[in-house]
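Line by line, the protein sequences are chains U and S.
Residues 1 to 165 (our numbering) are what the first sequence spells out, left to right.
Residues 166 to 938 (our numbering) are what the second sequence spells out, left to right.
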Amino acid sequence: MMQVELTVNGVQRSDEVEPRLLLVHYLREVCGFRAANIGCDTTSCGACTVLLNGESVKSCTVLTAQAAGQQVITAEGLAENGDLHPVQQAFRSEHGLQCGFCTPGMVMAAVSLLQENPNPTEDEVREGLEGNLCRCTGYHNIIRAVLAAASAAAEPATAQAEVTA
Amino acid sequence: MSILGTRVLRTEDPRFLTTGGVYTEDVTDEQLAGACHVFFVRSPVAHARISGIDKTAALAAPGVLAVYTADDVIELPLIDPLAPGLMNAKMTRTMLASDKVRFVGEPVAVVVTEDPYQGEDAIELVDVDYEILPAIVDLDDALADSVLLFEDAGTNVVANFGDTASLKQDLFDGCEAVVTHTFMNQRVAPAPMESRAAAAAWGEDDRLTCWIPNQGAQGTRDDMVKYLKLDEGQVRVITPDVGGAFGAKFGADPEHVLVAWVAKKLRRPARWTETRFENLVAMTHGRAQRHTITIGGSKDGDVHAYRLEVIQDSGAYARIGAILPTLTILMASGPYDIPKAEAIATAVATSTTPIGAYRGAGRPEATAALERAFDLFAAEIGMDPAEVRRRNLLKKFTEPHQTSFGALYDSGDYAAALDKALEAAGYADVRAEQARRRASGDVTQVGVGVACYVEITGGGDESGPPSENATVEVHPDGSATILTGTSPHGQGHSTAWAMIASEELGIPIENFTVRWGDTDLIPVGGGTGGSRSLQQGGAAVQQASRELIDVARERAAAALEASAGDLRFDQGRSAFAVAGDPEASVALADLARDERLFVHSIFAAPGATFPFGTHVAVAEVDTETGKATLQRVITVDDAGIVLNPLLAEGQRHGGIAQGAAQALLEEVVYDSEGNPLTASFADYPIVSATELPSFELASMETPTTYNPLGVKGIGEAGTIGATPAVQSAIVDAVAHLGVRHVEMPATAMRIWRAVQAAKSAGSEAQPTATESA
């Protein structure tokens, strides 16, 4: 067993864990954050995607020990003051989820994608989410949701630009 | 304004988006405190005799509580094939393999541990001796009966649906053109993102509570009762959130039964979640039919006769997949008016994963065979495939139409759907673009595929006409509860059922709680599958709501000292008012104060409904590499009146993606020894966002009279229409090179080979012809 210290959804934690404990199991079983799901054994599906220091990672392929000293954000930590994060809101508005199993991971991947590329094309969104599988939506509305979140984020900036112009 | 028909956002979503759903693995019920963990030792070989099992090392491993084999579970009954009388009764299964294993993935032993990581380690330590027997993978090998999967059965044939002797010798007499072809509707994996799971706990009252992801708690309970030899009252099945099912989560599998059995044996709650590897080898697969089609007609495009011969690979043990050819036969002639049509099928056992239902379940296969036949016929006579279809579609009908296979189509306007889809696709423009590329000899060619379909949804069974129950209750605080016998796993019933009741009761949808999947609360229900939920479960909610208003009206009359006939229900205020005296009113919620206000109602439909439509696909093919790229999918899916376009479109999108995936990518592959080569998501090419375009949906609503909502099922339209449309588009892209057919999935290798074969055939036939001729 070993001691790890890390921050999960803004809360500093210190836990004794098995060296082989996967981050996704740590988040689910030790921290009780069960939004991230396990959908495969091969890092293929992305249902377990979380943010590690702001970047999306598949938490089934990260050892808890590797996350020591870092910041982890799961879907539970995305909404602020009870308000859905704009990406979460867009997923709802565009019906970008059905059974919900891939959703927490998909949302985290989308958040990360938009941080890296705030104004993506449809093809860029599709490529950016290639590592996150969804069996229900056919991806159609997921893509729309990410594009909608991108334009919603761009709108205030556009309005600002018009005012200052 | 009516809420029905509007794009209401799902009430389910905030929870899924923030805390995530509570799937079976997430359930933290106190009854499950201290649960042990169940793991399965699965056969690594396709067909073998078990000559010995040594548990010693596993039992000595850290955390191992028990190891069980077939001898330990001998008290559990045999699993008989479905449909007694129809299927070979000797093809029974034991919960754990006893004398033989018959597919890679079949459970051989159970290992129970304190902690899941220990279980992963310990299953490696169970030493099973296998005497390898020849695998049966190829369908002809299976039919030859030279190796038998079940020696006592004397054959590998599970069931025959009609026989070759019944086929008419003269069926194609008089036809100017006849084409015959054999092709596979390949085996695919349902692959819901949530794999199978179970949690089980026994109470001090000897009652079993189990949490299982399923498509109908009641049917799952019935299986648990049967296989654990319990009384119905002893089992409670709870359905947590379900992460997709697609037909593969109906009822209880041996693993579910064994988890409950372990919990009883060890007097301790038990849980199990399968890995994706297990899911891809041990959850039922879908499709797996070989089709031989023969189609004949006149050279000006009238189809006179059609024959479909099906070989269904049922996998090692006959489950629902073995009986699905009956649905394929029922829908064999599709939306066409074919004067002479016949279809037969044989289901045969192979040493592979059992075949079950997968989105469409028997109907996509019928449509794929028929649409391929129409394309081959069109190519044979040199006519546009869309035109051949138009000539042969059944004319619009509003009274039920009986087909020669016994299907009773409720309403349809197939030509309108075809025309609408072609218009939405800009069919003439795509053909013009195709002509340009063909003329210029472009490396990247474009093809267009058209598929017309009609399907059956919400069918009943031998027990009677299709029906479903609902309970609607209004509470004094103005909220309301709906209990439904359907079982959503992504479809959005919480939103849809609330919309229907809201329309009747005037209660905002946010104030509804919709509950399902608890057999103590809802003992009867048909679950969700076969695209039945809205047309029966939704109709039951509407009926119960209307009956609740009738009950409330009597109470309101007493409260207002008025005649019930003088009362008007004002949905806007959710209150009864006396006609001509709006001041004299009573709120619906107030009528629930002194006595509970609820109605339980059963809606029975006169029969199944038959949604229909046309899918058009446009694909590009790189003629040098064979790589196909799906460019567009345009669909018209007429499932009657649309309750919530957002939800209906979501169902269409998902189905289109799975249908296109079958045509393009997905296939469960075995080697000749029965080893699965696609047992992970690294190997099984489950479709991702990069392989699909956005979809173009056109709407069309032809109501049915079979329920007051006017609705038919929409859940499976996508897989039914999209698969043949996409396959056809790929073939069409290289048709000018002489290609008539490409097997599914149309991989780059297959397309490239088809192009090469057509080129060499063309050069042999016309040695002087140039490449571009």
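Even glycine gets a Cβ: it sits at the ideal position worked out from N, Cα and C.
Every value quoted in this text rests on a predicted model; they were computed, and no experiment measured them.
Among the options, whose alpha-carbon lies nearest the alpha-carbon of residue i?
i	options	result
A742(S)	A754(S), A721(S), D755(S)	A721(S)
V353(S)	Q736(S), Q383(S), G886(S), Y835(S)	Y835(S)
V686(S)	H640(S), S710(S), T440(S), H765(S)	Note that residue 686(S) corresponds to Leu in the displayed sequence, not to Val. Among H640(S), S710(S), T440(S), H765(S), the Cα nearest to that of L686(S) belongs to H765(S).
G228(S)	A200(S), G820(S), F570(S)	A200(S)
G839(S)	S516(S), T636(S), I509(S), M166(S)	S516(S)
E545(S)	Y188(S), V920(S), H901(S), G185(S)	H901(S)
E726(S)	V706(S), L808(S), G737(S), S750(S)	S750(S)
E149(S)	L247(S), F337(S), V210(S), L332(S)	Beyond the ends of chain S as shown, which are 166 and 938, falls residue 149(S); an answer cannot be given.
R267(S)	L648(S), M865(S), A481(S), E552(S)	A481(S)
D989(S)	L857(S), S644(S), G820(S), S859(S)	Outside the modelled stretch of chain S, which goes from 166 to 938, sits residue 989(S), for which no answer is possible.
K464(S)	F539(S), L587(S), G451(S)	F539(S)
G412(S)	Q380(S), G819(S), V876(S), A287(S)	Q380(S)
H456(S)	E420(S), A531(S), R441(S), R258(S)	A531(S)
V276(S)	A487(S), V798(S), E420(S)	E420(S)
S569(S)	A324(S), T869(S), P500(S)	P500(S)
Alpha carbon to alpha carbon, how far is residue j from residue i? Give it in angstroms, no decimals.
i	j	result
G138(U)	C99(U)	12 Å
T933(S)	G927(S)	Low local confidence applies: a pLDDT of 44 at T933(S) is under 50, so the model's placement there is unreliable, with the coordinate-based value given in what follows. Cα-Cα distance, rounded: 10 Å.
G408(S)	R28(U)	17 Å
S479(S)	G416(S)	18 Å
A307(S)	A514(S)	7 Å
F13(U)	V30(U)	Here the sequence assigns Arg to residue 13(U), which means Phe is not the residue at that position. C-alpha separation (whole angstroms): 11 Å.
Y233(S)	I244(S)	18 Å
E5(U)	E18(U)	13 Å
T935(S)	E785(S)	Confidence in T935(S) is poor, its pLDDT being 41 and thus under 50, which makes the residue's placement unreliable; the coordinate value appears in the next sentence. When rounded, the distance between both Cα atoms is 24 Å.
C60(U)	H658(S)	32 Å
V343(S)	Q921(S)	25 Å
L129(U)	V446(S)	26 Å
T609(S)	P889(S)	21 Å
K505(S)	L336(S)	7 Å
A382(S)	A110(U)	34 Å
Which term fits residue i, buried or exposed, when burial requires 16 or more other beta carbons within 10 angstroms of its beta carbon?
i	result
R432(S)	exposed
A356(S)	buried
G815(S)	buried
K561(S)	exposed
L495(S)	buried
R119(S)	The question about residue 119(S) has no answer, for chain S in this structure spans 166 to 938.
S739(S)	buried
N872(S)	buried
A847(S)	exposed
V273(S)	buried
L541(S)	buried
K220(S)	buried
D178(S)	buried
M166(S)	exposed
E16(U)	exposed
N634(S)	buried
Considering only residues of the same chain and omitting the five flanking positions on each side of residue i, which have a CB-CB separation below 8 Å?
i	result
A154(U)	P118, N119
E908(S)	F348, M349, Q351, R915
I674(S)	I168, V173, T176, T660, A663, M664, S667
G903(S)	A923, K924, A926, G927
P519(S)	F268, T449, H450, S479, G480, A481, Y482, A483, R484, G486
Between which residues of its own chain and residue i is the CB-CB distance below 7 Å, once the five residues before and five after are set aside?
i	result
Q823(S)	R524, G883, T884
T164(U)	Its pLDDT being 46, under 50, T164(U) is placed unreliably in this model, and the value from its coordinates should be taken loosely. Once the five neighbours on either side are set aside, T164(U) has no close Cβ partner at all.
T184(S)	none
R817(S)	T800, D802, L862, I879, A882, G883
T385(S)	I377, N379, V402, G416, A417
Which same chain residues end up closer than 6 Å to residue i when comparing Cβ atoms and leaving out the 5 residues on each side of it in sequence?
i	result
G462(S)	C340, V468, H469
A616(S)	E536, H780, G886, P889, A890
D735(S)	A742
A826(S)	V852
I'd like the ranges of any beta strand (DSSP E) spanning at least 3 consecutive residues and lying wholly in the segment 297-332 of chain S. 322-326
Ranges of the alpha helix (DSSP H) found wholly within the segment 422-498 of chain S, counting only runs of at least 4: 441-447, 490-495
Which ranges would you report for the alpha helix (DSSP H) in the segment 218-276 of chain S if only whole runs of at least 4 residues count? 221-225
Within the segment 626-684 of chain S, ranges of the beta strand (DSSP E) (whole runs, at least 3 residues): 632-639, 645-649, 677-680
In chain order, each beta strand (DSSP E) run of at least 3 residues that lies wholly inside the segment 741-773 of chain S: 746-752, 762-769
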